[in-house]
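Worksheet for the structure shown next.
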Amino acid sequence: MDLFEYQGKQYFARYGIPVSPGAPADTVDEAVTAAEDAGYPVVVKAQVQVGGRGKAGGIKLADNADEVREHAGNILGMDIKGHVVRRLWVEHASDIEEEYYASFTLDRAAKKHLLMLSAEGGVEIEAVAESNPDAIVKLHIDPVDGLDLATARQAAVDAKLPERALDGAADILVKLYTCFTEGDCDLAEINPLILKPTGEVHALDAKVTLDGNAEFRHPEWEDFKGLTEMDDREKMAAEKDLQYIGLDGTVGIIANGAGLAMSTLDVVNQVGGAAANFLDIGGGANADVMAGALEVINFDENVKSIFINIFGGITRGEEVAKGIVEALGRVDLKAPIVIRLDGTNAEEGRQILADAGIPEDKLRSEPTMLDAARAAVALAAGA
């Protein structure tokens, strides 16, 4: 679950991370009230889950109530890269001496948490990595050991933060790590992390992604769902209890298991294609689940081919095949299917598909993931 900026800041505040005083607002009058409570000057910020708000006119400085009314009225309802602004965050404006970058995420390959810290903040970290990779300090943290203040301070030294920012930055890094771990985040990012002329270090922005698998531990997360942005595909998938994320490509993806689904996206990209989605059907690939998955994929007008990638473990190949055959009788697909079926009872499953008499221009089987990806990408390109 991706949080809006204001939600991320509220989450940070629970862990003692200093953020600007402010409040959300859904109307112009609420924005004025929030500004008066925060104290002028204030920043009126569009709350959308997309970058480029400032360039689009979605972030404005205001010195008085009239300016807040003007900016709030202009920003509410604004379309920023396809995202309509329905809520604002109004906060006290901060004086900035320097801007840094800090984040925690999980490095799955290393099986450790990863701190990324840079003295070059305020821009996309990808841009820093491309132009000056040495400006980013990467520190792996063993979850058993955690992060202490001395290690956090040394990371700030290695990142070449100025002396006057070291203690404040180290304190925030430890608190951000606590937020990341105890708060069950997939990502906890501050960009920019600022140094004020007074010497205080402060989180000026917040990007937080919560781990949905930990939701049972956090009933309070229910409050975050009100303005969660989902496109029509994602809404349909949610209604069918499918793990789905919409993307912009032309190859629809169905896989059993999040790891395999991610690998499938990677291999499609590797052979020159682009995935239209991430869709994990988990271990229960029966007819109802498969039909639901195909209905969601079929709803996407951009999908030109469908790549079903199944590796049977607990999931048995013949059950997957039966599910696909039955699902095809219930869903009138607009795009052809390429399937790679391997693992438990895969031969039986492939035989069931062969015996079903489905025309090859509607469904074809390939022996490997790479072969199937190439076939799906070729079909999408030729559509």
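Each residue of the sequence shown is one higher than the last, beginning at 1 in the UniProt record's numbering. Cβ coordinates follow ideal geometry from the N, Cα and C atoms, glycine included.
For residue i, tell me which candidate among the options has the shortest Cα-Cα distance.
i: G312; options: W221, D2, I339 and A373; result: I339
i: D145; options: R164, A156, F180 and K112; result: K112
i: H71; options: L115, D37 and A25; result: A25
i: V325; options: I314, V68 and I337; result: I337
i: R87; options: A119, Q47 and N64; result: Q47
i: A237; options: V289, P21 and L195; result: V289
i: H380; options: R217, I306, A346 and C185; result: Contrary to the premise, residue 380 reads as Ala rather than His in this sequence. For the residues R217, I306, A346 and C185, the minimum Cα distance to A380 belongs to I306.
i: L333; options: L363, G349, E348 and G58; result: L363
i: T315; options: L341, G249 and G272; result: L341
i: residue 427; options: I310, L353, A150 and I59; result: Past the edges of the chain, shown from 1 to 383, lies residue 427, and the structure says nothing about it.
i: G343; options: E318, K322 and L353; result: E318
i: A119; options: A378, A169 and A56; result: A169
i: N132; options: A159, A150 and P143; result: A159
i: A93; options: L76, K60 and G77; result: K60
i: I194; options: G272, T151, D142 and E97; result: E97
i: A152; options: D186, E130, L114 and E126; result: L114
i: L328; options: E347, Q351, P359 and A346; result: P359
i: K9; options: V208, T33 and E347; result: V208
i: D142; options: T181, D134 and E347; result: T181
i: D95; options: E5, D186, G199 and C185; result: G199
Grab me the residues of residue i's own chain with a C-beta within less than 7 Å of its C-beta, minus the 5 sequence neighbours each way, in chain order.
i: L176; result: I17, A102, F104, A188 and I190
i: L12; result: It is worth fixing the name first, because residue 12 is Phe in this sequence and not Leu. V19, C179, A203 and A206, listed in sequence order.
i: G73; result: V28
i: V303; result: T250, G252, A276, I297 and A335
Give a yes or no on whether the C-beta atoms belonging to residue i and residue j are separated by under 8 Å.
i: L173; j: L204; result: no
i: V42; j: A35; result: yes
i: L242; j: G292; result: yes
i: residue 386; j: V68; result: Look at the range of the chain in this structure, 1 to 383, and you will see that residue 386 is not part of it.
i: G192; j: E99; result: According to the sequence displayed, residue 192 carries Pro and not Gly. Cβ distance < 8 Å, so P192 and E99 count as in contact.
i: V157; j: L149; result: no
Hey, how far is the Cα of residue i from the Cα of residue j?
i: D107; j: G82; result: 31 Å
i: E91; j: Y40; result: 9 Å
i: V128; j: V251; result: 31 Å
i: G52; j: E124; result: 11 Å
i: P197; j: P162; result: 13 Å
i: A155; j: E366; result: 48 Å
i: A31; j: W89; result: 8 Å
i: D266; j: N64; result: 50 Å
i: R14; j: V201; result: 17 Å
i: I136; j: G121; result: 10 Å
i: K76; j: G58; result: Residue 76 is actually Leu in this sequence, not Lys. Roughly 9 Å between the two C-alpha positions.
i: D171; j: D79; result: 38 Å
i: A23; j: A62; result: 15 Å
Only counting the same chain, and skipping five residues up and downstream in sequence, which positions put a Cβ closer than 6 Å to that of residue i?
i: A261; result: A255, F278 and D280
i: E138; result: Glu is not the amino acid found at residue 138; the sequence shown has Lys there. The answer, listed in chain order, is M116.
i: A56; result: I80
Below 8 Å CB to CB, which residues in the same chain sit around residue i once its five sequence neighbours on both sides are set aside?
i: R233; result: Y244, G246, N277, V296, F299 and D300
i: F224; result: M1, L3, Q7 and L210
i: A110; result: H140
If residue i and residue j are in contact, beta carbons under 8 Å, what's the gap, nearest whole angstrom?
i: L210; j: L370; result: Not really, about 34 Å apart at Cβ, beyond 8 Å.
i: A376; j: V268; result: 7 Å
i: G349; j: V320; result: 6 Å
i: A275; j: G249; result: 5 Å
i: A287; j: G323; result: 4 Å
For residue i, verify whether its CB is less than 7 Å away from any heavy atom of the ligand ZN.
i: G259; result: The ligand ZN is absent from the structure shown, which contains no ligands of any kind.
Does any residue of chain D have a CB that is nearer than 8 Å to the CB of residue i?
i: G282; result: Considering every chain present, this structure includes no chain D. It has just one protein chain.
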